[in-house]
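**Q**
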Amino acid sequence: MTMRAAFMTLVAALILLPVAAVRAQFGDTTEVIASANRAYASGDFETAISLYESLLAEGVSDAGVYFNLATGYQQVGQNGLALLNYRRAQRFIPRDSLLSVRVAEIQNERQNVQADETVIIDRLGTIVSPVMTTGELAALSFTVWLLWFGLGTASVLMPMLRVTLRPVLIVAGVVMLGLVVLLGSRLYVDAYRPAAVVTVERVAVFSGPDERYLEMFTLSEAAELRVVVQEGGYLRIVLPDGRQGWVQQGTITLVRS
Amino acid sequence: MRRLFLMLCLLPMLFLMTQRVGAQECVPPVDTIRLNASVDLTAPYVGEQIIYTIQIENTLENPPSFDPPPFEGMWRAGRLEITTSVADVCGVKVSVTTSQYILFPLRPGEIVIPPGTLDFSLNPVFEARTRVLSNEVMVNVLPVPQLDAPDSFGGLVGYPFFIDTTVGRTSARAGDPISLRVKVEGSGNIEQMPPPQLPLPENWRIYQQQSDLATATEGESLVGSKTFEWLVVPEGTGAVEIPSIELSYYDNNTGIFRTIFSEPITLDILPSENLPEAEVAAVAPEVEAGLPALRPIASVTGRQNTAWLWWFWLLPPLVLMGSAGYRWQTSRAARQAVRRRQSGALRTAKTNLSAVTRQRGDRAYKDLIMAVLTYFGDRWNTDALALDQNEIASRLLDEDVDDEIVQQIITCMRGAEEGRYAPDDSSPPRALVKQTLMALIAVDAAGNAR
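Chains A and B, in that order, are what the protein sequence lines are.
When you read off a place in the first sequence, starting at 1, and then add 457, the result is the number in this note's numbering.
When you read off a place in the second sequence, starting at 1, and then add 212, the result is the number in this note's numbering.
1. Going by Cα to Cα distance, which pick from Arg393(B), Leu425(B) and Pro483(B) is closest to Thr377(B)?
2. Could you check whether the Cβ of Arg559(B) sits closer than 8 Å to any Cβ belonging to chain A?
3. Which residue from Thr586(B), Leu608(B), Gly627(B) and Thr569(B) puts its Cα closest to that of Ser638(B)?
4. Using a Cβ cut-off of 8 Å (strictly closer), state whether Leu410(B) contacts chain A.
5. Am I right that Leu527(B) and Ala289(B) are in contact with their C-beta atoms under 8 Å? What's the rounded C-beta distance?
6. Would you say Glu593(A) lies against chain B (beta-carbon separation less than 8 Å)?
7. Below 8 Å between beta carbons: does that hold for Asn401(B) and Leu354(B)?
8. In terms of residues, what are the limits of the beta strand (DSSP E) holding Met286(B)?
9. Compute the beta-carbon to beta-carbon distance between Gln547(A) and Leu556(A), rounded to the nearest angstrom, for a pair I have assumed lies under 8 Å.
10. Keeping to the same chain, check which residues put their C-beta closer than 8 Å to that of Ala605(B); ignore five residues upstream and five downstream.
11. Locate the beta strand (DSSP E) running through Thr466(B), then write down its first and last residues.
12. Look at the Cβ atom of Val712(A), then the Cβ atom of Ala652(A), and state whether they are nearer than 8 Å.
13. From the DSSP secondary-structure annotation, give me the bridge partner or partners of Ile375(B).
14. How long is the line joining the alpha carbons of Ala634(B) and Asp600(B), rounded to whole angstroms?
15. Can you tell which of Lys578(B), Thr310(B), Glu284(B) and Tyr462(B) has the C-alpha that lies nearest to the C-alpha of Leu292(B)?
16. Below 9 Å on C-beta distance, what does Arg667(B) contact in chain A?
17. Among Val531(B), Ala361(B), Leu334(B) and Arg607(B), which has the Cα closest to the Cα of Val613(A)?
18. Count the other CB atoms, across all protein chains shown, that sit within 10 Å of the CB of Phe374(B); report buried if there are 16 or more and exposed otherwise.
19. Which residues does DSSP pair with Gln701(A) in a beta bridge?
20. Do we get a CB-CB distance below 8 Å when we pair Leu640(A) with the residues of chain B?
21. Under a three-way DSSP split, which group does Thr576(A) fall into?
22. Provide the residue(s) that pair with Met350(B) in DSSP beta bridges, ordered along the chain.
23. From this set, Arg623(A), Leu603(A) and Glu672(A), which residue's C-alpha is nearest Trp522(B)'s C-alpha?
24. Let me know the secondary structure DSSP gives Val356(B) once reduced to three states.
25. Three or more C-beta pairs closer than 8 Å, one from the region 343 to 363 of chain B and one from the region 296 to 312 of chain B: is that the case here?
26. Does the beta-carbon of Ala680(A) have 16 or more other beta-carbons within 10 angstroms, so that it is buried, or is it exposed?
27. Tyr257(B) bridges to which residues according to DSSP?
28. Going by the beta-carbon positions, is the gap between Trp442(B) and Leu410(B) smaller than 8 Å?
29. Would you check if there are 3 or more beta carbon pairs closer than 8 Å linking the region 319 to 335 of chain B to the region 259 to 272 of chain B?
30. Measuring CB atoms only, is the region 527 to 535 of chain A touching the region 494 to 511 of chain A, in the sense that at least three cross pairs come out at less than 8 Å?
31. Check the Cβ of Pro504(B) against every Cβ in chain A and list those closer than 8 Å, keeping chain order.
32. When burial is assigned at 16 or more other CB atoms within 10 Å of the CB, is Glu688(A) buried or exposed?
Right, dumping it as structure tokens:
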């Protein structure tokens, strides 16, 4: 074998090996998806749930998996976990009408009646959530960002265009500022005030991070809240109406997976 | 009468004696806080429940919280209800709080539970906190007798326990997984219980799933249930059986091993449909009437880390800053060149006029005019050839240069113009050059003074 042939063989192997690995993984995953769908269709929701969960554990990240998993949980009456996974699916497909209907179904069934967010930062962070994913908002903001800085660069390099560009720069600047504030607040809320769902039947909310503190009120399954602080085994939570308290870790689950 | 006298004498003595006896019995509490730790069982088996009790006697209005010891070598499963009682000792209210922790020893041998701590301060603003320690507690943990232990014993200690097996569905197609759940419930160390052994055929595929635990306290005992879950893929078709599952535990009350069994389950496995898996996965599956619809799972790729994309946000501001920097640099260089030209205007004029003194005739006058124009061109950073006498005079007057100096410049320029039309070739126009130079020096001085 000549040197050239050996080199070509090595290059081909380097290209084909990862492809083969991906194909093998695809095959396994597809089999699990098919089995899960069949289990659901035949009414074996527990098996379907286990299989969808195993897909997520393998790193499969798709709105369909979260949606189907949520549907399974809804069928077995675990509305907390169902809402949690519908919310996770909404992070991928926020404009999906069927998804909105399912979320509304659970919100209607849950015991805690919850209004929209009242805390300003939470409102800002979620104001475009029903229509735009974080990626889409980031892409739009970046486009306007790019446009504004491009025009700014043009006006710096070509002073004769400054007068013409000034109104465009002002309008684009206002739009850019608005989008950046929306994106920034959304990223902040996601990171420091993440949304969570009560996934147990009932959870007591205390005035401090221990069960010896005063029990202020209780939340039922599928109630939605935000986590602001973690201390020991307790989480400080804030409800959409602004009420705060401490709950035991493990009673709620973050939507951010 | 004598009796009455004796009684009258004895009564005060009796009163005094009663008072002294009462004073001896009433001892007011000395310590503000006193801790006492104990266990209900000092020689338990590994995995047997013991209760660690801490009694806090204190005279504070708001007793501080107790920090339990780390319980190394023990599994802390929970705590019982805290009880508080108040007693009056010599007019001082003493509160007795009892906290109880449920523990399970994890290894045989002597285990020393170190003291628990309690920090308090009578006046949190002005006084440092004082730490009070409880006593140590020693526990001699015995090993569970291994000689008679059945194979299905996995360390479960307590009494009683129950086992139950369920499946997600009893009928499935070959190759389809079925969820199998084994639920063990009872009173004991159920939290540390390992999964029971599954007596399934070797050719069945088994995937362990998560386990689910629920515990609660009932009286002074920890009770609960642990559910283990598997996905099993049976081999073969027709009626196949999930055999009875066996589990043994050590009954610490009677000191014997007990074994419990689950009911066997029969499955009906149908032949496979042999549909291509990719086809089934890629489309939204059809479901039975009445069931909510599912979504197709379009993407089966793993998550991609796109955090690095955020770095692109820096690019436009950097380009703008680079452009502004470039613009500032070029305009600064241009300003410096203008300043150099303006500051060197008189020097250049002197050099040019000096050269004129070596010329004769028309050339000399032409160069003289050019030297003057060049001076003003440099001074005002403009094209020298675009200037004329009127423009120069007008600009100088605008700069508030003395009228007389302006007239001198104009006179010199006119002299040079006239010289061009009637040139004297015999000698260079030294006088005119000198006059022009003096006028330019005066203009320059006027400009600098301004």
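Beta carbons are placed, not taken as given, at the ideal position from N, Cα and C, and that holds for glycine.
**A** Taking the definition as stated:
1. Residue mapping note: residue 377(B) aligns to position 165 of the second sequence, counting from 1. Selected option, being the one with the closest Cα: Arg393(B).
2. As a position in the second sequence, residue 559(B) is number 347, starting the count at 1. Answer no: the Cβ-Cβ gap between Arg559(B) and chain A never drops below 8 Å.
3. To locate residue 638(B), count along the second sequence from 1; it is residue 426. The option with the nearest alpha carbon to Ser638(B) is Thr569(B).
4. Along the second sequence, one-based indexing puts residue 410(B) at 198. Leu410(B) does not count as touching chain A.
5. As a first step, residue 527(B) must be located in the second sequence, where it is residue number 315. As a first step, residue 289(B) must be located in the second sequence, where it is residue number 77. So it is not a contact: roughly 56 Å between Cβ atoms.
6. Against the first sequence, residue 593(A) aligns to sequence position 136. So, not an interface residue.
7. In the second sequence, residue 401(B) corresponds to position 189, counting from 1. In the second sequence, residue 354(B) corresponds to position 142, counting from 1. In this structure, Leu354(B) does not lie closer than 8 Å to Asn401(B) by Cβ.
8. For this step, residue 286(B) is matched to residue 74 along the second sequence. From DSSP, the beta strand (DSSP E) with Met286(B) extends over Met286 to Arg291.
9. The residue given as residue 547(A) occupies position 90 in the first sequence. The residue given as residue 556(A) occupies position 99 in the first sequence. Their Cβ separation, rounded to whole angstroms, is 6 Å, which keeps Gln547(A) and Leu556(A) in contact under 8 Å.
10. Taking the second sequence and counting its residues from 1, the one referred to as residue 605(B) is at position 393. These residues qualify, in order along the chain: Val618, Ile621 and Ile622.
11. Taking the second sequence and counting its residues from 1, one reaches residue 466(B) at position 254. Premise fails: Thr466(B) is in no beta strand (DSSP E) and is neither H nor E.
12. Mapped onto the first sequence, residue 712(A) falls at position 255. Mapped onto the first sequence, residue 652(A) falls at position 195. It is a contact, given that the beta carbons lie within the stated cut-off.
13. Residue mapping note: residue 375(B) aligns to position 163 of the second sequence, counting from 1. In the DSSP output, where bridge partners are listed per residue, Ile375(B) has Val396(B).
14. Translated into the one-based positions of the second sequence, residue 634(B) becomes position 422. Translated into the one-based positions of the second sequence, residue 600(B) becomes position 388. Between Ala634(B) and Asp600(B), the C-alpha separation is close to 21 Å.
15. For this step, residue 292(B) is matched to residue 80 along the second sequence. If we check each option's Cα against that of Leu292(B), Thr310(B) comes out closest.
16. One cannot answer for residue 667(B) here, as it falls past the ends of chain B, which runs 213 to 662.
17. To locate residue 613(A), count along the first sequence from 1; it is residue 156. With distances taken between Cα atoms, Val613(A) lies closest to Val531(B).
18. Locating residue 374(B) in the second sequence gives position 162, where the first residue counts as 1. Looking at its Cβ environment, which holds fewer than 16 other Cβ atoms inside 10 Å, Phe374(B) is exposed.
19. Taking the first sequence and counting its residues from 1, one reaches residue 701(A) at position 244. Gln701(A) is bridged to Val695(A).
20. Position 183 of the first sequence, counting from 1, holds the residue named residue 640(A). False, the Cβ-Cβ gap to chain B never drops below 8 Å.
21. In the first sequence, residue 576(A) corresponds to position 119, counting from 1. Correcting the residue type first, residue 576(A) is Val in the shown sequence and not Thr. If DSSP states are grouped into helix, strand and coil, Val576(A) belongs with coil.
22. Here residue 350(B) refers to the residue found at position 138 when the second sequence is read from its first residue. For Met350(B), which the question treats as bridged, DSSP gives the partners Val324(B).
23. Here residue 522(B) refers to the residue found at position 310 of the second sequence. The residue with the shortest Cα to Cα distance from Trp522(B) is Leu603(A).
24. Along the second sequence, one-based indexing puts residue 356(B) at 144. It is coil, neither helix nor strand.
25. no
26. Start at 1 with the first residue of the first sequence, and residue 680(A) comes out as number 223. So Ala680(A) ends up on the buried side.
27. If you number the second sequence from 1, residue 257(B) lands on position 45. Beta-bridge pairing links Tyr257(B) to Leu354(B).
28. The count along the second sequence starts at 1 and reaches residue 442(B) at position 230. The count along the second sequence starts at 1 and reaches residue 410(B) at position 198. Yes.
29. yes
30. yes
31. Residue 504(B) sits at position 292 when you count from the first residue of the second sequence. Residues of chain A passing the Cβ test: Thr528, Gln531, Gln532 and Arg559.
32. Translated into positions along the first sequence, residue 688(A) becomes position 231. So Glu688(A) ends up on the exposed side.
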